[in-house]
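Residue numbers (my numbering): 201 to 331.
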Amino acid sequence: DSAVSTMDMRLILSFHFFYLQRLLRMVDGLNFKEFVSFLSTFSARASLQQKIELIFKVYDIDGKGKVSFKDLVEVLRDLTGSSMSEQQREQVLTKVLEEAGYTQDSTLALEDFVTIIDHPGLKMEVEVPID
201 DSAVSTMDMR LILSFHFFYL QRLLRMVDGL NFKEFVSFLS TFSARASLQQ
251 KIELIFKVYD IDGKGKVSFK DLVEVLRDLT GSSMSEQQRE QVLTKVLEEA
301 GYTQDSTLAL EDFVTIIDHP GLKMEVEVPI D
């Protein structure tokens with residue numbers, strides 16, 4: 201059955217509650233025009249750069265314009281749940297950072313984040329499982 205149950209929705213919402221809170225903080229205080237502009241980032245017409253900038257802002261947990269290794273581990277933890285160990289998460293992120301010329305000690309500005317995402321060896325896929 202491909203129907204979404206109430207329990208499925210609870211799991212989805214609780215799993216992504218932190219990111220929902222971050223997004224809500226980002227729109228707090230925006231006027232209508234700014235809010236519509238913010239929402240346009242989610243449209244198919246938005247550029248990859250716009251989407252990357254939004255992802256960066258969400259991952260920038262402390263809001264200081266930098267993403268740390270710790271921030272990335274936290275994001276990966278939220279995305280993978282119990283399917284990966286903490287050690288596996290750190291190994292994956294360390295490898296991705298090293299391949300793009302960074303280390304665990306690197307603090308990434310938006311430009312660095314874009315460099316990593318644009319790195320030829322990194323394939324990013326976003327999918328929504330339906331079964």
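Ideal placement from N, C-alpha and C gives every residue a C-beta, glycine not left out.
Look at the alpha carbon of L248 and the alpha carbon of I317, and state the distance between them as a whole number of angstroms. For this step, residue 248 is matched to residue 48 along the sequence shown. For this step, residue 317 is matched to residue 117 along the sequence shown. So the alpha carbons of these two residues sit roughly 10 Å apart.
Between the C-alpha atoms of R222 and E286, what's the straight-line distance to the nearest angstrom? Numbered from its first residue, the sequence shown carries residue 222 at position 22. Numbered from its first residue, the sequence shown carries residue 286 at position 86. Those two C-alpha atoms are separated by around 23 Å.
3 or more residues per run - each beta strand (DSSP E) lying fully within the region 260 to 319: none
Bounding residues of the alpha helix (DSSP H) (the contiguous stretch that carries S247): The residue labelled residue 247 in the question sits at position 47 within the sequence shown. Element bounds for S247: n/a, residue is neither H nor E.
Cβ neighbour criterion (16 or more within 10 Å) applied to D262: Counted from its first residue, the sequence shown places residue 262 at position 62. Classification of D262: exposed, given that the 10 Å Cβ count is below 16.
Reduced DSSP category for Y219 - H, G, I as helix; E, B as strand; rest coil: Here the question's residue 219 lines up with position 19 in the sequence shown. Reduced to three states, the DSSP call for Y219 is helix.
Given R225 as reference, the closest of V273, V267, F232, K257 once Cα atoms are compared: Here residue 225 corresponds to residue number 25 of the sequence shown, with the count starting at 1. The shortest Cα separation from R225 among V273, V267, F232, K257 belongs to K257.
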